[in-house]
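One structure is given here, and the rest of the page talks about it.
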Amino acid sequence: MGTVQQPRLADVLVIGSGAAGLSATLHLAPHRRVTVISKGPVDEGSTRYAQGGISAVLDRADSFDAHIADTLDAGAGLCDPDAVRRTVAAGPEAIQWLLNLGVPFTREALEGRSRLHLTREGGHSARRVAHAADATGRAIEDALVKSASGQASIEVFERHVAVDLITQPVDGTRRVIGAYVQDAKTREVETILAPTVILATGGASKVYLYSSNPDGATGDGIAMAWRAGCRIANMEFMQFHPTCLFHPRAKSFLISEAVRGEGGLLLLPDGERFMPRFDERAELAPRDIVARAVDHEMKRLGLDHVNLDISHKPAEFIREHFPTIHERCLEFGFDMTREPLPVVPAAHYTCGGVMVNHFGQTDLPGLYAAGEVSYTGLHGANRMASNSLLECLVYARAAAEHILSQTDLPAPEQLAVPPAWDESRVTESEEEVVVAHDWDELRRLMWDYVGIVRTRERLHRAERRIRILQEEIHEYYSHFRISPDLLELRNLAMVAEIIVTSALSRKESRGLHFIRDYPETDPALDGQPTILAPDNALRPGDRRRP
19 MGTVQQPRLA DVLVIGSGAA GLSATLHLAP HRRVTVISKG PVDEGSTRYA
69 QGGISAVLDR ADSFDAHIAD TLDAGAGLCD PDAVRRTVAA GPEAIQWLLN
119 LGVPFTREAL EGRSRLHLTR EGGHSARRVA HAADATGRAI EDALVKSASG
169 QASIEVFERH VAVDLITQPV DGTRRVIGAY VQDAKTREVE TILAPTVILA
219 TGGASKVYLY SSNPDGATGD GIAMAWRAGC RIANMEFMQF HPTCLFHPRA
269 KSFLISEAVR GEGGLLLLPD GERFMPRFDE RAELAPRDIV ARAVDHEMKR
319 LGLDHVNLDI SHKPAEFIRE HFPTIHERCL EFGFDMTREP LPVVPAAHYT
369 CGGVMVNHFG QTDLPGLYAA GEVSYTGLHG ANRMASNSLL ECLVYARAAA
419 EHILSQTDLP APEQLAVPPA WDESRVTESE EEVVVAHDWD ELRRLMWDYV
469 GIVRTRERLH RAERRIRILQ EEIHEYYSHF RISPDLLELR NLAMVAEIIV
519 TSALSRKESR GLHFIRDYPE TDPALDGQPT ILAPDNALRP GDRRRP
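Those letters in the sequence shown? Residues 19 to 564, per this note's numbering, in order.
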């Protein structure tokens with residue numbers, strides 16, 4: 019057994035340090051002791067790489083009704099209208115909160131007055147995307163980290179990986195009471211006790227071979243919630259960003275949708291523009307339509323990539339609006355002021371997740387979820403550009419306010435201490451290559467069989483292979499000391515199974531889910547999300563205890 023440590027105590031445990039996690043933390047901190055764990059450095063996560071911006075109705079020419087209508091249209095009949103209305107209505111206040119934190123949104127002068135510069139992205143009928151040049155996520159994350167640093171009520175543990183949620187009966191009701199957490203450096207597994215836990219772990223796009231997401235997007239929160247007995251919804255709807263830079267060293271560097279919003283055109287190698295053949299909105303169509311069009315043209319012509327060209331705009335305009343993208347592309351030998359950029363689709367955003375209500379509550383008492391890990395009903399079958407950061411902020415605040423309204427929560431000192439993590443029956447592995455191999459195989463089979471265009475035959479192939487991989491992973495997990503890589507692989511395999519199960523259960527094509535066996539949308543399924551429930555709260559062998 020590893021070193022036995024006394025549990026750490028917190029009023030609220032926040033798992034994840036992106037926009038959702040740190041926003042909730044900041045709302046809670048004046049009133050509660052909050053412990054935040056981050057898989058890497060506290061500022062390293064998907065939020066930091068969000069280039070485009072955050073959508074909100076901020077212009078007199080715009081309206082809540084228009085933002086709602088655009089979101090519902092992009093969601094292809096699967097959005098929860100109430101969730102959309104609540105989120106859109108909270109948008110201006112969310113932007114003001116960020117401004118108060120010091121987020122340096124890009125501004126412009128109009129009639130002698132300074133105001134936020136608003137850009138337009140795919141699916142939006144108006145300019146309503148506030149941004150900090152082309153590095154909005156970084157600006158937001160920096161402001162959140164700065165605001166959280168130094169606050170006595172906030173404790174942050176970097177490079178700590180959540181292993182599993184801990185649940186126990188409290189007053190006759192099973193609820194979350196904390197989590198087992200591994201220090202990635204020492205490999206020691208610690209216990210953190212808290213009567214309330216917020217999952218803010220982000221999405222699961224690293225389940226695919228090619229992704230725009232950072233390496234930590236491995237579906238940890240979704241898998242942990244599933245093992246703890248929570249329902250998961252709409253996991254067949256994985257959004258592929260249509261324009262990621264095609265270069266062997268770029269690691270799918272994202273070319274923001276704002277480039278198309280400001281006039282960028284998608285072209286074939288011969289210079290032909292193809293998007294008008296697929297949708298009247300052309301390059302400004304929702305991402306699912308653009309990604310399928312790019313995928314179709316690449317397969318039809320046997321291309322490695324298509325091109326995204328904004329070089330017809332003045333060089334000064336491009337450098338001013340997209341300084342980060344411009345500099346990064348120069349590093350790879352591409353000057354977007356003079357030439358087209360080679361682009362391909364890549365897995366980008368998880369539209370489904372852990373089911374929550376309007377307060378961010380999951381099925382498990384004491385457990386909340388906010389951000390990409392959650393399913394709120396906002397995105398439906400396809401997320402509209404720049405609605406994701408808005409969702410993070412709105413639901414993080416809603417969860418925090420609901421937590422603060424609870425007057426009957428036990429103090430962490432009153433919680434029964436669970437058994438310490440048991441490693442008395444495991445050994446150090448000398449075969450880490452097994453983990454690396456399974457990791458690569460899982461992501462490649464998901465890319466090949468469960469990608470932008472699907473068939474039932476491919477899905478069944480993926481299903482069979484994922485089950486074999488899960489058996490191998492479980493055997494390895496049961497016999498050897500755990501590592502962060504193994505934990506992520508275990509979670510990815512579970513999420514892959516959920517994605518495939520969800521895709522097989524939806525016998526239609528809708529939004530991000532296109533399956534050749536059922537190419538049409540079934541109107542009878544309007545408003546019907548795919549909801550999966552675990553067979554039992556804990557699968558046999560999923561958690562090891564004395």
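C-beta: ideal position from N, C-alpha, C; glycine also.
Let's see if you can read the secondary structure: which residues bound the alpha helix (DSSP H) around residue i?
| i | result |
| --- | --- |
| MET316 | 305-319 |
| MET242 | 238-245 |
| ARG103 | 99-107 |
| ALA276 | 275-279 |
So what's residue i in DSSP terms, helix, strand or just coil?
| i | result |
| --- | --- |
| MET373 | strand |
| ILE113 | helix |
| GLN488 | helix |
| ASN325 | strand |
| PRO430 | helix |
| VAL451 | helix |
| ALA94 | coil |
| VAL163 | helix |
| MET402 | coil |
| ARG443 | coil |
| VAL225 | helix |
| CYS262 | strand |
| ASP338 | The question names Asp, but residue 338 in the sequence shown is Glu. Helix. |
| ARG50 | coil |
| LEU18 | An answer regarding residue 18 cannot be provided, because it is not within the stretch 19 to 564 covered by the chain. |
| PHE532 | strand |
| HIS330 | coil |
| LEU30 | Leu is not the amino acid found at residue 30; the sequence shown has Val there. If DSSP states are grouped into helix, strand and coil, VAL30 belongs with the strands. |
Thinking C-alpha only, which one of the options is nearest residue i?
| i | options | result |
| --- | --- | --- |
| ALA112 | ALA84, PRO48, GLU409 and VAL179 | GLU409 |
| VAL188 | ARG299, TYR495, MET464 and GLN432 | GLN432 |
| PRO294 | GLU280, VAL312, PRO287 and GLU493 | VAL312 |
| LEU31 | GLN186, ILE195, GLY120 and SER165 | ILE195 |
| ASP160 | GLU129, PHE123 and VAL179 | PHE123 |
| ALA92 | LEU348, ILE55 and GLU139 | GLU139 |
| ALA68 | ARG133, ALA28, ALA150 and TYR228 | ALA150 |
| ARG401 | PRO304, ALA454, LEU286 and ARG461 | PRO304 |
| MET566 | VAL513, GLY120 and ASP353 | The question about residue 566 has no answer, for the chain in this structure spans 19 to 564. |
| PHE271 | ALA37, GLY282 and GLU349 | GLU349 |
| PRO383 | ASP553, ARG356, GLN424 and GLU419 | GLN424 |
| GLU481 | VAL468, GLU490, ILE491 and GLU493 | VAL468 |
| HIS265 | LEU302, SER223 and ARG346 | ARG346 |
| ASP553 | PRO437, ILE516, ASP544 and GLN546 | ILE516 |
| LEU504 | SER64, THR137, SER81 and THR236 | THR236 |
Suppose the cutoff is 7 Å on Cβ atoms and the five residues either side in sequence are ignored; what does the same chain contact list for residue i look like?
| i | result |
| --- | --- |
| VAL372 | LEU217, GLY239, ILE240, ALA243, CYS248, ILE250, THR380, ALA387, VAL391, SER392 and TYR393 |
| LEU556 | Its pLDDT being 36, under 50, LEU556 is placed unreliably by the model, and the measurement read from it follows with that caveat. If we look at LEU556 and ignore the five residues flanking it on each side, its Cβ neighbours are ARG245. |
| ILE273 | THR261, CYS262, LEU263, LEU326, ILE343, LEU359 and VAL361 |
| THR21 | Interpretation of THR21 is limited by its pLDDT of 47, a score under 50 that renders its predicted location unreliable; no figure is taken from the coordinates. |
Give every residue of the same chain whose Cβ lies closer than 8 Å to the Cβ of residue i, excluding the five residues on either side of it in the sequence, and list them in chain order.
| i | result |
| --- | --- |
| ARG310 | PHE296, ILE470, VAL471 and PHE532 |
| VAL412 | ARG104, THR105, ALA108, GLY109 and ALA112 |
| GLN23 | GLU206, GLU208, THR209 and ALA438 |
Which same chain residues end up closer than 6 Å to residue i when comparing Cβ atoms and leaving out the 5 residues on each side of it in sequence?
| i | result |
| --- | --- |
| GLY570 | Look at the range of the chain in this structure, 19 to 564, and you will see that residue 570 is not part of it. |
| ILE421 | THR214 |
| PRO558 | Because PRO558 carries a pLDDT of 32, less than 50, the predicted location of this residue cannot be relied on, and the following value inherits that uncertainty. So no residue of the chain qualifies. |
| ARG474 | ASP535 |
Sorry if obvious, but does the Cβ on residue i come closer than 6 Å to a heavy atom of the ligand HEM?
| i | result |
| --- | --- |
| PRO266 | Ligands in the displayed structure: none, and consequently the ligand HEM is not present. |
Counting only beta-carbon separations shorter than 7 Å, does residue i have a partner in chain B?
| i | result |
| --- | --- |
| ASP381 | The structure shown contains no chain B, having only a single protein chain. |
For residue i, report the span of its beta strand (DSSP E) as first-last.
| i | result |
| --- | --- |
| LEU211 | 207-211 |
| VAL179 | 178-188 |
| GLY196 | 191-201 |
Unbroken stretches of the alpha helix (DSSP H), 4 residues or longer, contained in the region 464-530 = 474-497 and 502-523
Ordered list of beta strand (DSSP E) runs contained in the region 116-175, each at least 3 residues | 125-128, 131-134 and 172-175
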